[in-house]
Amino acid sequence: MSVHWKEIVPVDTYEVQFSGYLHNIDRKVLTMLYQPLIGAFAYSLYMTFWCDAEMKTPKEQTHQRLMNVTQFSLKDIIAARKKLEAIGLLKTYKRDKEDTRVYLYELQTPLSPDEFFNDGVLNIYLYNRLGKTKYSEMRDHFIQEETEMEEYVEMTSSFNDVFVSLHPSEMTAGTYSEIQEGSGGSLAERKPGNPLSITSEDFDFDLLISSISSFILPKEVITPSIRESILKLAYVYQMGPLEMSRQIQNAYHLHGELTAENLRKEVQKWYRIENNNQLPQMALRTQPQSLKTAAGTEPVTEEEKVIKFFEEVSPFQLLELQSGTKPAEVDLNIVTYLMLEQKMTPGVVNVLIDYVLKTNDLKLTRSFVEKIASHWARKKVQTVPEAMALARSEQKKYKEWQERKNTNYKRNGTQKKSARLPDWLKDEETTAEKKEMNNNNELEEQNQQWLENLLKEI
Numbered sequence: 005m006s007v008h009w010k011e012i013v014p015v016d017t018y019e020v021q022f023s024g025y026l027h028n029i030d031r032k033v034l035t036m037l038y039q040p041l042i043g044a045f046a047y048s049l050y051m052t053f054w055c056d057a058e059m060k061t062p063k064e065q066t067h068q069r070l071m072n073v074t075q076f077s078l079k080d081i082i083a084a085r086k087k088l089e090a091i092g093l094l095k096t097y098k099r100d101k102e103d104t105r106v107y108l109y110e111l112q113t114p115l116s117p118d119e120f121f122n123d124g125v126l127n128i129y130l131y132n133r134l135g136k137t138k139y140s141e142m143r144d145h146f147i148q149e150e151t152e153m154e155e156y157v158e159m160t161s162s163f164n165d166v167f168v169s170l171h172p173s174e175m176t177a178g179t180y181s182e183i184q185e186g187s188g189g190s191l192a193e194r195k196p197g198n199p200l201s202i203t204s205e206d207f208d209f210d211l212l213i214s215s216i217s218s219f220i221l222p223k224e225v226i227t228p229s230i231r232e233s234i235l236k237l238a239y240v241y242q243m244g245p246l247e248m249s250r251q252i253q254n255a256y257h258l259h260g261e262l263t264a265e266n267l268r269k270e271v272q273k274w275y276r277i278e279n280n281n282q283l284p285q286m287a288l289r290t291q292p293q294s295l296k297t298a299a300g301t302e303p304v305t306e307e308e309k310v311i312k313f314f315e316e317v318s319p320f321q322l323l324e325l326q327s328g329t330k331p332a333e334v335d336l337n338i339v340t341y342l343m344l345e346q347k348m349t350p351g352v353v354n355v356l357i358d359y360v361l362k363t364n365d366l367k368l369t370r371s372f373v374e375k376i377a378s379h380w381a382r383k384k385v386q387t388v389p390e391a392m393a394l395a396r397s398e399q400k401k402y403k404e405w406q407e408r409k410n411t412n413y414k415r416n417g418t419q420k421k422s423a424r425l426p427d428w429l430k431d432e433e434t435t436a437e438k439k440e441m442n443n444n445n446e447l448e449e450q451n452q453q454w455l456e457n458l459l460k461e462i
């Protein structure tokens, strides 16, 4: 058995803490100046410890977890740790318990660029590793050019030039301790903001990024399309930045890449475990109060009753009423698509679902839904009356096209059965037929051709 097993075993726990503040310039110094000296293993171990110290949850971790995160063997972790210790980036402490050991890893701040290039040891070591040309390029990169000050005259105001001195009678505090007295709390410090209620427009993305180590997940993996998927999934599954960060890292390590599909699978898996295999609440949302046209009023006509119904029920409830059973997951996925991808409101989704089911033999065909949804989205339909009016307009065009098709069928000795329509669509259809006799039909041919092409695609 290797001797390293006598020093650490996977079940031994560890904690990480900072010895001082680490800044973005430290990350650059570690990457460009220290990494050529200590190697990728030791560098990645330092960055992993940095991430652990920032997250602080849970406080104690096992070395087995460290092995899983880094994909290093315990022997490699110990070797990398000793490199960090030797070069002054890490201090290690050990506390023995009854059946295990606890290690405390204290991250040391790296030297500043000026200190590094004047160290006398590290700079020579780096020179031997990089060679003269690369070393000079690296040194020039960190050197800040100083402005020639000989031609400038200082104009800086002093404290006394700006602030009026206090009169002795105004200095009421008897001692310095009185000035320092407070309510018992500590002075306010800048802290990360609390996670807020998640929507696709309101998500602490900076907290998400800061919680992911650049070693564990390269920042360039978070592309604009992945960012959009993250926001949408956070909105649907009501996830905070830290939980989303964990699922992003799971998806990346399990699949070897981060795609919208891989991330969606991991989030769904996590959600079902956390919520006893329940579906997310997306389909249970109802029309926003600001977009309700029938709110606070008692419906009188049949159309007003239909509008109020579509505004008050959720798409989940509507599907449940249509089928008499719990909606299928495939149908709920279509609802999620309509509300997220097409940005439709729940009330508009209700109208679209009812329209498709009643005109498509109670089948919620995704391709058919997508064609209509993309058209409605371009029309920027937000309210139920707008959606119903657009559905009636399309049904009118469809009916004219269908009549022409039926005429052709009759010529061939067959007749196609007409589609069933929603009641709210039938009432308007009768009124529209009466008005049509007095209206100008100059644009009907053009609209009919457009609808015919659209239906051919479907």
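First residue of the sequence shown: 5, per our numbering; consecutive thereafter. For every residue, glycine included, the Cβ atom is placed at its ideal position computed from N, Cα and C.
Counted within 10 angstroms of its Cβ, other Cβ atoms place residue i as buried (16 or more) or exposed
| i | result |
| --- | --- |
| G351 | buried |
| I12 | buried |
| L235 | buried |
| M159 | exposed |
| Q184 | Note that Q184 scores a pLDDT of 40, beneath 50, so its modelled location is shaky; the value from the coordinates is reported in the next line. By the 10 Å Cβ count, Q184 comes out exposed. |
| M5 | Low confidence applies here, because M5 scores a pLDDT of 36, under 50, leaving its location unreliable and the question unanswered by this model. |
| A395 | buried |
| P538 | Shown here, the chain extends from 5 to 462; a query on residue 538 therefore has no answer. |
| S77 | exposed |
| Q258 | Looking at the sequence shown, residue 258 is not Gln but Leu. Exposed is the call here. |
| V339 | buried |
| G24 | exposed |
Euclidean distance between Cα positions of residue i and residue j
| i | j | result |
| --- | --- | --- |
| S217 | F121 | 27 Å |
| E19 | K101 | 15 Å |
| F146 | R31 | 13 Å |
| E407 | D427 | 20 Å |
| N132 | H67 | 34 Å |
| M36 | Y107 | 29 Å |
| E404 | E345 | 31 Å |
| L447 | K362 | Residue placement at L447 cannot be trusted, given a pLDDT of 48 that sits under 50; the coordinates are not used to answer. |
| L26 | C55 | 11 Å |
| G197 | D144 | Caution applies to G197, whose pLDDT of 27 falls short of 50 and renders its modelled position unreliable; the value that the coordinates give is listed next. Computed Cα separation, rounded: 38 Å. |
| K269 | E374 | 22 Å |
| A332 | N279 | 18 Å |
| K400 | V271 | 43 Å |
| K136 | N127 | 12 Å |
| M71 | I82 | 11 Å |
| E232 | P222 | 17 Å |
| P292 | P14 | 52 Å |
Residue range of the beta strand (DSSP E) that includes residue i
| i | result |
| --- | --- |
| E19 | 17-22 |
Proximity of residue i and residue j at Cβ, strictly below 8 Å
| i | j | result |
| --- | --- | --- |
| L246 | S215 | yes |
| L94 | E110 | yes |
| M392 | V355 | yes |
| L41 | I91 | yes |
| T104 | D16 | yes |
| S327 | L288 | no |
| R99 | L49 | no |
| T96 | V73 | no |
| Q251 | I220 | no |
| E264 | S229 | Going by the sequence as given, residue 264 is Ala instead of Glu. Contact: yes. |
| E316 | T290 | yes |
| A57 | L88 | no |
| F372 | V385 | no |
| L368 | I357 | yes |
| V225 | L267 | no |
| M348 | A298 | no |
| L295 | T411 | no |
| Y239 | P114 | no |
| D335 | L323 | yes |
Residue i, enclosing alpha helix (DSSP H) - first and last residue
| i | result |
| --- | --- |
| V33 | 28-33 |
| T74 | 67-74 |
| N279 | Segment: none, N279 is in no alpha helix (DSSP H) and carries neither H nor E. |
| F53 | 39-59 |
| E302 | Per DSSP, E302 belongs to no alpha helix (DSSP H) and is neither H nor E. |
| P292 | First-last for P292: undefined, no H or E at that position. |
| L258 | 245-259 |
| L262 | Careful: L262 lies outside any alpha helix (DSSP H) and carries neither H nor E. |
| L212 | 209-214 |
Any C-beta of chain D under 8 Å from that of residue i
| i | result |
| --- | --- |
| P319 | Of the chains in the structure shown, none is chain D; there is only one protein chain. |
Segments of 3+ residues assigned as beta strand (DSSP E) that fall wholly inside the stretch 79-141: 94-100, 105-111
Alpha helix (DSSP H) runs contained entirely in the stretch 318-382, provided each spans 4 or more residues: Counting only runs of 4+ residues, the alpha helix (DSSP H) found wholly inside the stretch 318-382 occupies 319-327, 333-344, 350-363, 370-382, in chain order.
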